[in-house]
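Heads up, the thing below is written out as structure tokens.
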């Protein structure tokens with residue numbers, strides 16, 4: 264069977280083991296992976312569109328798509344569009360990354376921002392108490408961690424020239 268969660272865990276463990284054995288610098292390695300991960304995010308949006316997963320909430324907007332017996336927000340298309348924007352920003356290096364690892368942190372922050380936006384239109388989100396969406400809360404936490412990493416990794420690279 265295909266288990267995406269198990270695949271992610273196994274693949275991540277293999278990648279960490281390989282990087283450790285080859286003594287690859289962590290920050291440079293994750294920066295090198297950032298464009299591929301950004302492209303992967305586009306493909307996740309395409310898979311949601313083709314499968315009908317991650318569908319939007321019912322709506323009456325003119326650009327609604329007919330899915331599951333109702334007109335809905337095209338959240339899969341939003342996901343693909345924002346994925347293309349994020350891929351372009353990361354691949355073309357639109358935003359400068361003054362220290363190793365910050366290109367990856369940019370990717371994570373942009374992806375969390377996109378998820379924060381898209382979740383507001385989803386019709387199948389997991390809801391916490393008081394109507395908060397789980398993915399939006401997680402996105403906010405991830406954004407806070409990214410802001411912390413931006414600050415600390417940039418400051419640390421100024422004091423440690425071998426990281427540049």
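Numbering (the working numbering), first residue to last: 264 to 427.
In this text, a Cβ means the ideal position worked out from N, Cα and C, and glycines have one as well.
Bear in mind the structure is a predicted one, so any value in this text is a computation, not a measurement.
Ranking 363, 344, 341, 347 by CA distance to the CA of residue 419 puts 363 first.
Annotation: residue 349 to residue 370 spans about 7 angstroms, alpha carbon to alpha carbon. For the region 287-335, the continuous alpha helix (DSSP H) assignments of 4+ residues that do not extend past its boundaries occur at 289-314, in sequence order. In this structure, residue 377 sits away from residue 388, with a CB-CB distance that is not shorter than 8 angstroms.
Pairing residue 300 with residue 410, the inter-Cα distance amounts to about 20 angstroms. Within the same chain, 351 come within 8 angstroms of residue 357 by CB-CB distance, once the 5 residues on both sides are set aside. Per the coordinates, the alpha-carbon of residue 331 lies some 10 angstroms from the alpha-carbon of residue 316.
Comparing alpha-carbon positions, the option among 337, 342, 341, 372 lying closest to residue 353 turns out to be 372. Residue range 338-354 is occupied by the alpha helix (DSSP H) that includes residue 354. Secondary structure note for residue 358: it is in no alpha helix (DSSP H), with a DSSP letter that is neither H nor E. Counting along the chain, the unbroken alpha helix (DSSP H) around residue 379 starts and ends at 365-382. Where residue 279 is concerned, the enclosing alpha helix (DSSP H) starts and stops at 267-285.
The region 336-347 makes contact with the region 304-321; the number of CB pairs closer than 8 angstroms reaches 3 or more.
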